[in-house]
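To start, the structure itself, in structure tokens.
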Amino acid sequence: MSLRRAGPTPYLRLDFGVKVREGVAAVDLVLGQGRSFREAAAALDLSVTTCWRRFWFVMDMGTPERHGCKRGPIPPQRGTRACPRGRPWMPTYDGRTTTEKGITR
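367 is the number of the first residue of the sequence shown in this note's numbering; add one for each residue after it.
Take a look at the structure:
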């Protein structure tokens, strides 16, 4: 009997630690060393798209803490069906009112 790999459940799930490790390395290469995503992807042996996704995964994970909020749930990965465009919605950061964010209008 063979296992079928069809349906809505993804069968290839990457370990969270691997995703973070590759993302931190991509951030270091792109922001720290000034390399392009193409150069960073070649250095990490990833595709350019995967390198871009790992970079933004790490950047999005730290967004609430950089703005003085508590860390929330793991955000959906950019460039996927869960977050097709733009920055993902983060409840601990985006759920605050503008006065809590320090914005006055």
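Cβ coordinates follow ideal geometry from the N, Cα and C atoms, glycine included.
Check: If Cys417 sits next to Ala448, beta carbons under 8 Å apart, how far is it from one beta carbon to the other, in whole angstroms?
Finding: Taking the sequence shown and counting its residues from 1, one reaches residue 417 at position 51. Taking the sequence shown and counting its residues from 1, one reaches residue 448 at position 82. About 19 Å separates the beta carbons of Cys417 and Ala448, which is beyond the 8 Å limit, so they are not a contact pair.
Note to self: Measuring only the C-alpha atoms, how far is Pro441 from Phe423?
What the structure shows: Position 75 of the sequence shown holds residue 441. Position 57 of the sequence shown holds residue 423. Approximately 8 Å, taken between the alpha carbons.
Note to self: Is it buried or exposed, Gly398, if we count other Cβ atoms within 10 angstroms and call 16 or more buried?
What the structure shows: Stepping through the sequence shown from its first residue, residue 398 is reached at position 32. Under the 10 Å beta carbon count, Gly398 is surrounded by fewer than 16 other beta carbons and is classified as exposed.
Item checked: Among Glu388, Pro430, Gly452 and Pro439, the one whose alpha carbon lies nearest that of Tyr459 -> Start at 1 with the first residue of the sequence shown, and residue 459 comes out as number 93. Per the C-alpha coordinates, the member of Glu388, Pro430, Gly452 and Pro439 positioned closest to Tyr459 is Pro430.
Checklist line | Buried versus exposed call for Asp426 [16 or more other C-beta atoms within 10 Å across all chains shown] | finding: Looking up residue 426 in the sequence shown gives position 60. Result: buried.
Next item on the list: Just list the alpha helix (DSSP H) runs in the stretch 396 to 426, keeping only unbroken ones of 4 residues or longer that don't cross its boundaries, in chain order.
Entry: Entirely contained in the stretch 396 to 426, the alpha helix (DSSP H) runs reaching 4 residues are, in chain order, 403 to 410.
Note to self: Just to confirm my understanding: we take Gly445, look at its own chain, exclude 5 residues before and 5 after, and list those with CB closer than 6 Å. What are they?
What the structure shows: Counting from 1 along the sequence shown, the entry for residue 445 is found at position 79. Within the same chain, Arg419 come within 6 Å of Gly445 by CB-CB distance, once the 5 residues on both sides are set aside.
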